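Its first residue numbered 1251, the sequence shown is counted upward by one per residue in the working numbering.
Idealized CB from N, CA, C, for every residue including glycine.
Small disclaimer: the values here were computed from a predicted structure and weren't measured.
Heads up: the structure comes next, in structure tokens.
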Amino acid sequence: MKQIFCHIEKCLGCKSCELACAVEHSLSKQLVAAMREPVVPKQRIRVELIDEHGTLSRYRTLALQCRHCGNALCVQACISGGIRKDEDSGEVRINPEKCVGCWSCVMVCPFGALVRHEGIHRAMKCDHCPDRETPACVDACPTKALVYLEKDGVRTRDVVL
């Protein structure tokens, strides 16, 4: 299964990925129109500021999204059965029709990858933009810090898994 990885040394923290994600998941697929939609779209990727050495002396930014964990805690925590791991692809998917907005999945995710969408009272996470060949966040990254690759083809010292 392909995953989104971040070359941490290339990430500028510009949040282009966040914007592209929100627009891609809007009804209109256009920035200005999306901001006027009845329910404003929300990004499913988040740029985080991290303290690299724990000394407050060196900060970096990192784009964070769902890792589609092997033993996904969000699947175990979901009280409605709205989150399932697809056996064929390995992706963790949310069925919005079953989500009851209890936020259990949000609380247990060790990466903070699930987000609350108050406008629709549902949990959301990265879905790899299923209507696209490459996720919108990857295409929007001006420095090519985000890449969409098979996990076994990635050297862990180069990217954040």
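Would you report the Cα separation of residue i and residue j, rounded to the nearest angstrom?
i: residue 1358; j: residue 1386; result: 26 angstroms
i: residue 1399; j: residue 1362; result: 22 angstroms
i: residue 1316; j: residue 1290; result: 21 angstroms
i: residue 1253; j: residue 1378; result: 8 angstroms
i: residue 1328; j: residue 1343; result: 12 angstroms
i: residue 1267; j: residue 1330; result: 30 angstroms
Taking only three categories from DSSP, how would you classify residue i?
i: residue 1322; result: coil
i: residue 1402; result: helix
i: residue 1285; result: coil
i: residue 1290; result: coil
i: residue 1389; result: helix
i: residue 1395; result: coil
i: residue 1277; result: coil
i: residue 1262; result: coil
If you measure between the beta carbons of residue i and residue j, is that distance less than 7 angstroms?
i: residue 1256; j: residue 1312; result: yes
i: residue 1349; j: residue 1332; result: yes
i: residue 1353; j: residue 1334; result: no
i: residue 1351; j: residue 1251; result: no
i: residue 1393; j: residue 1262; result: yes
i: residue 1278; j: residue 1272; result: no
Of all the options the options, which has the alpha carbon lying nearest to the alpha carbon of residue i?
i: residue 1301; options: 1356, 1258, 1251; result: 1258
i: residue 1372; options: 1294, 1346, 1271; result: 1346
i: residue 1323; options: 1264, 1364, 1369; result: 1364
i: residue 1388; options: 1286, 1278, 1294; result: 1294
i: residue 1265; options: 1278, 1286, 1292, 1251; result: 1292
i: residue 1260; options: 1281, 1297, 1278; result: 1297
Taking only runs of the alpha helix (DSSP H) that begin and end inside the segment 1351–1384, which ones reach a length of at least 4 residues, in chain order? 1354–1358
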